[in-house]
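Structure first, commentary second.
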Amino acid sequence: MSPTRVVLVALAAIVVVVDIPPLIWHFKNRNIALFSLLLWLIILNLVTVTNALIWPTDDTSTWWDGQGLCDIQVRLLLAADYALSGSLVCIMQGLAKVMDTDRAVINQSRHDRIKKTTLDLTLCFGLPAALSILHLAIDQPARYVILTVSGCTVPISYNWVTLVLIWLVPVLITSVASFYALTVMYRMYRYRRQFSALLERSRTTKARFIRLFAMTQVLLTITLPLQLYSLSANLAMVQLEPYSWSVIHDHWSSTIILVPMDGVIDPTIWVRVVAGLLAFLFFGTGAEAITRYRGWLILLGLGKLFPSLLQQHSSITSNPSRVTISSVGSKAKFWTSWRARKGSASTEASATNISLFQRSLTTSTRVTDCPQMQTLDNIYITRGSLMFDIDPDLEAQDDGDDSTHEPRPRL
Numbered sequence: 000m001s002p003t004r005v006v007l008v009a010l011a012a013i014v015v016v017v018d019i020p021p022l023i024w025h026f027k028n029r030n031i032a033l034f035s036l037l038l039w040l041i042i043l044n045l046v047t048v049t050n051a052l053i054w055p056t057d058d059t060s061t062w063w064d065g066q067g068l069c070d071i072q073v074r075l076l077l078a079a080d081y082a083l084s085g086s087l088v089c090i091m092q093g094l095a096k097v098m099d100t101d102r103a104v105i106n107q108s109r110h111d112r113i114k115k116t117t118l119d120l121t122l123c124f125g126l127p128a129a130l131s132i133l134h135l136a137i138d139q140p141a142r143y144v145i146l147t148v149s150g151c152t153v154p155i156s157y158n159w160v161t162l163v164l165i166w167l168v169p170v171l172i173t174s175v176a177s178f179y180a181l182t183v184m185y186r187m188y189r190y191r192r193q194f195s196a197l198l199e200r201s202r203t204t205k206a207r208f209i210r211l212f213a214m215t216q217v218l219l220t221i222t223l224p225l226q227l228y229s230l231s232a233n234l235a236m237v238q239l240e241p242y243s244w245s246v247i248h249d250h251w252s253s254t255i256i257l258v259p260m261d262g263v264i265d266p267t268i269w270v271r272v273v274a275g276l277l278a279f280l281f282f283g284t285g286a287e288a289i290t291r292y293r294g295w296l297i298l299l300g301l302g303k304l305f306p307s308l309l310q311q312h313s314s315i316t317s318n319p320s321r322v323t324i325s326s327v328g329s330k331a332k333f334w335t336s337w338r339a340r341k342g343s344a345s346t347e348a349s350a351t352n353i354s355l356f357q358r359s360l361t362t363s364t365r366v367t368d369c370p371q372m373q374t375l376d377n378i379y380i381t382r383g384s385l386m387f388d389i390d391p392d393l394e395a396q397d398d399g400d401d402s403t404h405e406p407r408p409r410l
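Next up, the structure:
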């Protein structure tokens, strides 16, 4: 295996390991959208590690045919496209609700919580599973494709069904997320004077909103345009063929396509790795996360080897930060008085989360152009066609600052 591939496998494995702690944290806190985002990124990078070890070279004569494993992976890979976009919608919708000062809600009703949970589960898991199965049933022209290093890949045929399921649906879902992002930006601008007063009193709040603004800007200026460019580029390169059930399903179960990549690594694989690392940087490096890591190290007995762990842990637990952490959109906390009271003050923070999904550009190659492979007349292999999100989590922290602040105004 080449040094580049070794680095790829090592980084993907690191992503799987470091993303697990924040995954557990958000699962315990019932943050469905953030849990979904991390879960799919872990799955994608786990697939990268597994496949790079199974199909490391271009010698197809030694390749395993992947039966069983690839059947599962292609369903997961396709579902991940929809799920990551759906997770983004849920996060942005919750973020927009947090910024909605006209309809701030302290505690949601049981009906609202059930409605929110149902929507999150549908967009993050239900809809992706349904669309992935639908593609298998009506528009998958081969069992699967195997690429060097990348391993199992979803085969596609160019017709109107593919256009809708593979390209158009993710663009539409991400467009909804972009709408919510625009809403957030508008509300930030509308309340900029009030927010300036709030930001002066909390460094954490300032950092949170700066990152919020930066990530929504990235979403609007990069993600959706890239998806639209990917869609238009693929349409420009090929001519859509008439949909034919008989052609697509003829010998479907016996068609496995092997594609040696001549030393080239699908760039989509690197997108998975970068996305996973960014997720860890935003989800797993906050003060709360570091406190949890320190506690786990102490449980493993490392406190005896490194006494500083015990001292820092004791200091943190004896003087905990006064911070409220909630699911995105579950609570909106605003102050109802602007008058300062002598001798007392309160601070409160709400955690917000944001993720950015970036779909990689695709380049398509007709299978019949590669003589080494089994072929079907209407099958294409997409290089870099699987799609991944880059989703940072902005977890606001109070930094344990016990200094006195004035009460904050109603926005």
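Under numbering that gives the first Met the number 0, the first residue of the sequence shown is numbered 0, with each subsequent residue one higher. Backbone N, C-alpha and C fix where the C-beta goes; we use that ideal spot for every residue, glycine too. Since this is a predicted model, take the numbers as computed values, not measurements.
State the Cα-Cα distance for the pair Ala288 and Lys27, rounded to the nearest angstrom.
Answer to the nearest angstrom: the Cα atoms are 13 Å apart.
Could you have a look at Ile155 and say whether DSSP puts it in helix, strand or coil?
Here Ile155 sits in strand by DSSP.
Using the Cβ count rule (16 or more neighbours within 10 Å means buried), how would you classify Lys115?
It is buried - the Cβ of Lys115 has at least 16 other Cβ atoms within 10 Å.
In whole angstroms, what separates the C-alpha of Asn377 from that of Phe124?
Below a pLDDT of 50, predicted positions are generally treated as unreliable, and Asn377, at 39, falls in that range; no measurement from the model is reported.
So, Asn44 versus Val17, is the Cβ gap smaller than 8 Å?
No; because the gap between Cβ atoms is not below 8 Å, this pair is not in contact.
Helix or strand or just coil, what does DSSP make of Ile255?
In this structure, Ile255 counts as strand in the three-state DSSP scheme.
Beta-bridge pairing of Val144 - partner residues as DSSP gives them:
Val144 is bridged to Thr152 and Ile256.
Other residues of its chain near Ile165: CB distance less than 7 Å, five sequence neighbours each side excluded:
Ile155.
Alpha-carbon to alpha-carbon, His110 and Leu10:
Each residue's Cα considered, the two are about 43 Å apart.
Buried or exposed: Gly383, going by 16 or more other Cβ atoms within 10 Å of its Cβ?
Unreliable placement is indicated for Gly383, whose pLDDT of 35 sits below 50; the coordinate value is still reported in the next sentence. Buried is the label assigned to Gly383, since at least 16 other Cβ atoms lie within 10 Å of its Cβ.
Going by C-alpha to C-alpha distance, which of Tyr179, Val237, Leu146 and Val73 sits closest to Thr56?
Of the listed residues, the one whose Cα sits closest to Thr56 is Leu146.
Taking 8 Å as the threshold (C-beta atoms), are Trp39 and Ala82 in contact?
Cβ atoms of Ala82 and Trp39: closer than 8 Å.
Continuous beta strand (DSSP E) assignments of at least 3 residues falling wholly in the region 107 to 131
Taken in chain order, the region 107 to 131 contains no complete beta strand (DSSP E) segment of 3 residues or longer.
Cutting at 7 Å between CB atoms, please list the residues of its own chain near Trp63, excluding the five before and the five after it.
For Trp63, the CB contacts under 7 Å within the same chain, skipping 5 residues up- and downstream, are Ile53 in chain order.
Would you call the region 129 to 136 and the region 65 to 81 touching, i.e. three or more CB-CB distances under 8 Å?
At 8 Å Cβ cutoff, the stretches touch.
Compute the beta-carbon to beta-carbon distance between Thr173 and Gln226, rounded to the nearest angstrom, for a pair I have assumed lies under 8 Å.
Rounded to the nearest angstrom, the Cβ distance from Thr173 to Gln226 is 6 Å, consistent with a contact under 8 Å.
Would you mind stating whether Ile268 and Ser149 have Cβ atoms separated by less than 8 Å?
Contact annotation: Ile268 and Ser149 have beta-carbon atoms nearer than 8 Å.
Going by beta carbon distance, what residues of the same chain come within less than 7 Å of Ala95, once the five residues before and after it are set aside?
Taken in chain order, the residues that qualify are Tyr179, Thr182 and Val183.
Could you give the distance in angstroms between the alpha-carbon of Ala176 and the alpha-carbon of Ser307?
Across the structure, Ala176 and Ser307 are spaced so that their CA atoms are roughly 44 Å apart.
Is it buried or exposed for Met236, if we count other Cβ within 10 angstroms and need 16 for buried?
Looking at its Cβ environment, which holds fewer than 16 other Cβ atoms inside 10 Å, Met236 is exposed.
When DSSP labels each residue in this structure, what does His25 get in the three-state scheme?
His25 sits in a helix when the DSSP states are folded into three classes.
Rounding to the nearest angstrom, what Cα-Cα distance links Phe279 and Tyr292 in this structure?
About 13 Å.
Alpha-carbon to alpha-carbon, Ala32 and Ile90
Between Ile90 and Ala32, the C-alpha separation is close to 6 Å.
Quick one: grab the DSSP three-state call for Ile264.
DSSP places Ile264 outside both helix and strand once states are collapsed to three, so it counts as coil.
For Ile137, which residues of its own chain have a beta-carbon under 7 Å away from its beta-carbon, when the five flanking residues on both sides are left out?
So the list reads Val160, once near-sequence residues are dropped.
Met236 (DSSP reduced to helix, strand or coil):
Here DSSP, grouped into helix, strand and coil, assigns Met236 to helix.
What would DSSP say about Thr284, mapped onto helix, strand or coil?
Three-state result, Thr284: coil.
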